[in-house]
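Trainee: Line order of the protein sequences matches chains E and V.
Straight run, no breaks: the first sequence in our numbering ends on number 139.
Straight run, no breaks: the second sequence in our numbering ends on number 139.
Submitted below is the structure of interest, expressed as C-alpha cells.
There are 2 protein chains.
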Amino acid sequence: MVGSVVVARAMDRDLQRQAGLALAEHHLLAIINEAGEQGIRPTDLALGSTLTKSGLTRAVDRLEALGLIGSRVCPTDARGQLLALTAKGRQKLRRAAPEFFRSVGQHFADHLTERETETLATAFERIAAADRG
Amino acid sequence: MVGSVVVARAMDRDLQRQAGLALAEHHLLAIINEAGEQGIRPTDLALGSTLTKSGLTRAVDRLEALGLIGSRVCPTDARGQLLALTAKGRQKLRRAAPEFFRSVGQHFADHLTERETETLATAFERIAAADRG
DNA sequence: CGGAATAACTTGCGTAGGCAACTAGTTGAT
DNA sequence: ATCAACTAGTTGCCTACGCAAGTTATTCCG
C-alpha cells in the first residue's frame with residue numbers, strides 16, 4: 007500500500023519535471039487519446055481514472071485551459087460532453103511518452119520479474135473489478 | 007496503479023465513517039504505537055509513511071490537537087521531538103482495529119490467494135527499498 | 001403527454017499535503 | 001573555539017480534490 011504511493015509520487019515528480027505534466031493528467035490524456043476522434047464522455051473517463059465526478063470536472067477544465075483537450079456538446083445527450091485531444095494534446099502526450107516509460111521502469115517495472123508483473127496485473131484487475139461491482 | 011488508489015480510497019472512506027480516522031492518520035498512529043513508550047522521531051515516522059516533512063508536521067499537529075499523541079523534546083537532540091500515543095490515542099487505535107481489518111479484507115486481501123499476497127508483499131518491499139536507496 | 005425519479009455534470013466549501021524558503025540546533029574541520 | 005556544512009522541523013503559499021448540494025437534461029410511468 008505504502009509502496010504504491012511512493013512509486014506514484016516518484017513518477018509524478020519525474021513527469022512533472024521532465025514533461026510538465028502531472029501523473030494524473032497524463033493518465034487522463036492517455037485515456038482520452040484511446041477514445042480517438044469521436045471523443046469520450048466524462049463519466050466514462052471517470053471509470054478509467056481515480057477521480058470522482060467533481061475532481062474530473064476540474065481536471066478537465068485545467069486540461070482544456072491548457073489547450074490539450076477540446077470538448078463539444080454530446081449530440082445524443084445535451085447534458086454531457088465529448089472530450090478529445092487537440093493536436094497540442096497529442097503532441098504533449100507523445101513527447102511525454104519516453105519519460106513516462108523510463109520512469110515506470112526505474113521506479114517500478116524494472117524491479118519485478120515477469121511472473122511478478124503478471125501476478126500484480128491480474129490481482130489488481132480483479133480487485134478493481136470487485137470494487138466497481 | 008489505479009487499483010491501489012481505488013483500494014486506498016475505499017478504505018479511507020470506511021475508516022473515516024466507522025472510526026472517525028483517515029487512513030493516513032490511522033497509519034501514523036499504528037507506527038507511533040509500535041514505538042511504544044519511548045516515542046519516535048518525526049523523521050523516522052516519515053520513513054514509514056508516505057508523507058514529506060511538511061506533510062508530517064501538519065499531520066502531527068492535527069493528531070496532537072486531537073489529543074491522540076503527545077510530544078516532548080528529544081533529550082539527545084533539542085531540534086527534535088519524541089512522539090508517543092496518549093491513552094486516548096491507544097484507545098482510538100484499538101477501537102478502529104476491527105473496522106480496519108474488515109476493510110482491508112473486503113477491499114483487498116479477500117480477493118487474493120496466499121501466493122499472490124506473498125508475491126505482492128515481497129515485490130513492493132523490494133520496490134520501496136530500491137527507491138529509498 | 002405531464003410529472004416523478006434518475007443521470008450528467010457543476011459549484012461552494014473545506015482540508016490535506018507538496019515545494020521552497022526559513023529557523024534553529026548539531027557536527028565536523030581547522 | 002569558531003565557522004561552515006548539515007540536519008530537524010516549521011511555515012507561507014498554492015493546488016488538487018472530496019463531499020454535498022445544486023442545475024439541467026433525460027427517461028420512465030401512468
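Yeah, the Cβ is synthetic: ideal placement off N, Cα and C, and Gly gets one too.
Remember, predicted model here, so these are calculated numbers, not experimental data.
Determine the DSSP secondary structure at V:SER77, reduced to helix, strand or coil.
Mentor: strand
Trainee: What is the residue span of the alpha helix (DSSP H) that V:ALA102 lies within?
Mentor: 93-113
Trainee: Should V:VAL66 go down as buried or exposed, given a rule of 16 or more other Cβ atoms within 10 Å for buried?
Mentor: buried
Trainee: Applying the criterion that 16 or more other CB atoms from any shown protein chain within 10 Å of the CB defines a buried residue, is V:VAL84 buried or exposed?
Mentor: The sequence as given places Ala at residue 84 of chain V; Val does not occur at that position. With fewer than 16 other Cβ atoms within 10 Å, it is exposed.
Trainee: So that I know if they touch, is there some Cβ in chain E lying closer than 8 angstroms to that of V:THR49?
Mentor: no
Trainee: Under the rule that 16 or more other beta-carbon atoms within 10 Å means buried, what is V:PRO81, buried or exposed?
Mentor: exposed
Trainee: At a CB-CB cut-off below 7 angstroms, which residues of chain V make contact with E:ARG132?
Mentor: HIS117
Trainee: Do E:ALA14 and E:LEU21 have their beta-carbon atoms positioned less than 8 angstroms apart in this structure?
Mentor: no
Trainee: Confirm, please, whether the CB-CB distance from E:ALA134 to V:VAL12 is below 8 angstroms.
Mentor: Cβ atoms of V:VAL12 and E:ALA134: closer than 8 angstroms.
Trainee: How far does the alpha helix (DSSP H) with E:ILE38 in it reach, from first residue to last?
Mentor: 29-41
Trainee: Name the one or two DSSP bridge partners that V:ILE46 has.
Mentor: V:LEU89
Trainee: Looking only at its chain, what residues have a beta carbon closer than 7 angstroms to the beta carbon of V:THR92, apart from the 5 residues adjacent to it on each side?
Mentor: GLY73, LEU74, ILE75, GLY76
Trainee: Could you check if E:PRO104 is buried or exposed, using at least 16 other CB atoms within 10 Å of its CB as the buried criterion?
Mentor: Around the C-beta of E:PRO104, fewer than 16 other C-beta atoms lie within 10 Å, and the residue is accordingly described as exposed.
Trainee: Could you tell me which chain V residues have their CB closer than 7 angstroms to the CB of E:HIS113, listed as they occur along the chain?
Mentor: ASP137
Trainee: For E:GLU124, count the other beta carbons within 10 Å of its own beta carbon; 16 or more makes it buried, fewer makes it exposed. Which is it?
Mentor: exposed
Trainee: Alpha carbon to alpha carbon, how far is E:THR140 from E:GLY45?
Mentor: Only positions 7 to 139 of chain E appear in this structure, which leaves residue 140 of chain E out of reach.
Trainee: For E:ASP18, which residues in the same chain have their Cβ closer than 7 angstroms to its Cβ, ignoring the five residues on either side in sequence?
Mentor: ALA28, LEU29
Trainee: Does DSSP put E:ALA84 in a helix, a strand or coil?
Mentor: coil
Trainee: Could you tell me the alpha carbon to alpha carbon distance between E:ALA115 and V:VAL79, rounded to whole angstroms?
Mentor: If I take the Cα positions, the gap works out to 42 angstroms.
Trainee: For the alpha helix (DSSP H) containing E:SER10, name the first residue and the last one.
Mentor: 8-25
Trainee: Using three-state DSSP, classify V:SER55 as helix, strand or coil.
Mentor: coil
Trainee: Within 10 angstroms of the Cβ of V:PHE107, are there 16 or more other Cβ atoms? Answer buried if so, exposed if not.
Mentor: Exposed, because fewer than 16 other Cβ atoms sit within 10 Å of the Cβ of V:PHE107.
Trainee: Let's test the definition: count the other Cβ atoms within 10 Å of the Cβ of E:SER55 and tell me whether it reaches 16, buried, or not, exposed.
Mentor: buried
Trainee: Cα separation between V:THR119 and E:GLU122?
Mentor: 14 angstroms
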